[in-house]
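Q:
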Amino acid sequence: MRRALIGLSIVAVAVPVVGLMGAEMLVASAAMGSAEAAMVPICADLGYQVDPLGLPPAVPTGGRVSGFGPDEDEQVSVAQAIVAAGRAAGVPERGLVVAVATALQESGLRNLDHGDRDSLGVFQQRPSQGWGTPTDLQDVTIAARAFFGGSESPHHDPATGRTEPRGLLDVDGWEQMSITAAAQSVQRSGFPDAYADHEDRAQVIVSGILGTPGSVDPTGLGSYRAEGTDATTLAADGVDVEAFCSSAFERRASIAMSTITSMGSLGAWGGHQNGRIPHDELTALTWAPSHRLRPDAAAALEALNVEYRAVFGRNLTITDSYRTYAQQVALKAAKPRLAATPGTSQHGWAVAVDLGGGVQSFGTPQHAWMVTNGPHHGWHPPAWAQASGSKPEPWHFEFGN
Ligand SMILES: [Zn+2]
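For what it's worth, the numbering used here labels the leading residue of the sequence shown as 959, then goes sequentially.
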């Protein structure tokens, strides 16, 4: 519903926005949705709660294969196996893109050992629906051969010439179908629209693996970051920015502004020493009570979590929060390259968290949402932790200024 609203309302402003962004930006981003993406940080600054699920996901950059982030080696291996299986079965490039887009939607290109009901593996195929044994479905090559179908499918019967369940090659006219229709004809998913969201990234990935120039810019300009346009410039050019934002996004709860004005600062507080803060001066998070933070940081994260849950349907995943001095010493011993010098970490001041649930990877909707919306509650990625920083840590966020 929200998605349809964005699609409709962008029509009204798409022309002036594109005009301002310039022809080179149009050529560079190529994909639809770049104008929407440009509006996201602008609306966020105006106090709207932006919803990246209504936009095409960003194309990650910085990894060894285009279309992937630097910490996605598992996903690269999975994509390479899918492409190899498709090539062996004679599948043309378009079919490889359908398969990778499907895998991005179903598993994030991970070989999952779990899923909805008995779903398993990269494509979340179900043994009870005849897709194969659990062991086979956890083999990316076998799972991919089943997805592609045809004579290379493990379910092909040479006696009858039939393949059941049918794969992509067994669907008449799949080459002329949209990504969504082609994927849906194989997967029969309850959420078919979602496949198309991954088309741009899937094309970048397949082109990168095949070594062909992609039809989509691989620099990730379709991401949610600002693209050189601001609200003042747009307004001067006659764009009703407020009208666009209010039609596309809901206004952020007013709690956010009061949290920001009462926001504390990073570093020492309360006369305490780093990592030696009394237990009862910290506040436990309601949804993750083993994690404690300075009270203002905890209150701000509670408010941020309400918004996050409204968008993603689940709480923020907290993997680390306050760290005692002893824990910092232990962590430094275990991870000498990654961990801060004991006594210097913002974790020791109870104003830093490490997040999972998708936030831990650059380029995910969850990470992009945190970067855009966290600062409205005083939570931000420090410069050193950003993709361009000295020690990129997508999972690390700090409270205060
Ligand atoms: Zn951290």
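Where a beta carbon is used, it is the ideal one built from N, C-alpha and C, also for glycine.
1. Going straight from the alpha carbon of alanine 1246 to that of histidine 1114, what length do you get?
2. Where does the unbroken beta strand (DSSP E) through threonine 1241 begin, and where does it stop?
3. Assuming glycine 1314 contacts threonine 1277 (C-beta within less than 8 Å), just tell me the rounded distance between them.
4. Where do the ends of the alpha helix (DSSP H) carrying aspartate 1254 lie?
5. Check valine 1019 in the structure and name its three-state DSSP category.
6. When burial is assigned at 16 or more other CB atoms within 10 Å of the CB, is asparagine 1232 buried or exposed?
7. Using a Cβ-Cβ cut-off of 6 Å (strictly less than) and excluding sequence neighbours within five positions of proline 1350, which residues of its own chain qualify?
8. Apart from the five residues just before and just after arginine 1124, which ones in its own chain have a Cβ nearer than 6 Å to its Cβ?
9. Pull the bridge partners of threonine 1330 from the DSSP assignment, please.
10. Are the CB atoms of proline 1112 and isoleucine 1100 within a distance shorter than 7 Å?
11. Within its chain, find whatever has a CB closer than 8 Å to the CB of methionine 959; leave out the 5 residues flanking it on each side and keep chain order.
12. Residues around ligand 1, please: the ones whose beta-carbon is closer than 5 Å to some heavy atom of it, in chain order.
13. Have a look at the DSSP bridge pairing and note the partners of phenylalanine 1366.
14. Taking the continuous alpha helix (DSSP H) assigned at aspartate 1158, which residues delimit it?
15. For valine 998, which of Ala1341, Val1080, Pro1323 has the nearest alpha-carbon?
16. Are the beta-carbon atoms belonging to glutamine 1304 and leucine 1224 less than 7 Å from one another?
17. Is it right to say serine 1319 is buried, meaning 16 or more other beta carbons lie within 10 angstroms of its own, or is it exposed?
18. Expressed to the nearest angstrom, what Euclidean distance is found between the alpha-carbon atoms of alanine 1154 and alanine 1104?
19. Just the Cα atoms here: how many angstroms apart are threonine 1330 and arginine 1281?
20. Would you mind working out which of Gly1347, Leu1243, Gly1090, Gly1321 sits nearest valine 1309, comparing C-alpha positions?
21. Using DSSP with H/G/I as helix, E/B as strand and the rest coil, what is alanine 1341?
22. Can phenylalanine 1355 and proline 1339 be called in contact, C-beta distance under 7 Å?
23. Taking buried to mean at least 16 other C-beta atoms within 10 Å of its own C-beta, is alanine 1341 buried or exposed?
24. Report yes if the CB atom of valine 929 is closer than 7 Å to the CB atom of valine 1023, and no otherwise.
25. Would DSSP call alanine 1214 helix, strand or coil?
26. Tell me which residue opens and which closes the alpha helix (DSSP H) that isoleucine 1100 is part of.
27. Per DSSP, alanine 1246 is paired with what?
28. Helix, strand or coil: how does DSSP classify arginine 1045 here?
29. With three or more beta-carbon pairs closer than 8 Å as the criterion, would you say the segment 1130–1142 touches the segment 1046–1058?
30. Could you pull the DSSP bridge partners for histidine 1114 from this structure?
31. For valine 1265, count neighbouring Cβ atoms within 10 angstroms of its own Cβ and tell me buried if that reaches 16, exposed if not.
32. Measuring straight from C-alpha to C-alpha, what distance separates threonine 1060 and aspartate 1074?
A: Per the coordinate set shown:
1. 49 Å
2. 1241–1243
3. 5 Å
4. 1253–1270
5. With the sequence shown as reference, residue 1019 is identified as threonine, and valine is not the correct amino acid for it. Coil, per DSSP.
6. buried
7. none
8. Gly1107
9. DSSP, once it has assigned bridges, lists no residue as partnering threonine 1330.
10. yes
11. With a pLDDT of only 32 at methionine 959, under the threshold of 50, the placement of this residue in the model should not be trusted, and no figure is reported.
12. Asp1312, His1354
13. Since the first and last residues shown for the chain are 959 and 1359, residue 1366 lies out of range.
14. 1157–1168
15. Pro1323
16. yes
17. buried
18. 21 Å
19. 26 Å
20. Leu1243
21. helix
22. yes
23. exposed
24. Only positions 959 to 1359 of the chain appear in the structure, and residue 929 is not among them; the question remains open.
25. Caution is warranted here: a pLDDT of 46 is assigned to alanine 1214, below 50, making its placement in the model unreliable, and the coordinate value is therefore given only provisionally. Residue state, collapsed to three classes: helix.
26. 1098–1106
27. Leu1243
28. helix
29. yes
30. Thr1121
31. The question names valine, but residue 1265 in the sequence shown is glutamate. Buried: at least 16 other Cβ atoms inside 10 Å.
32. 16 Å
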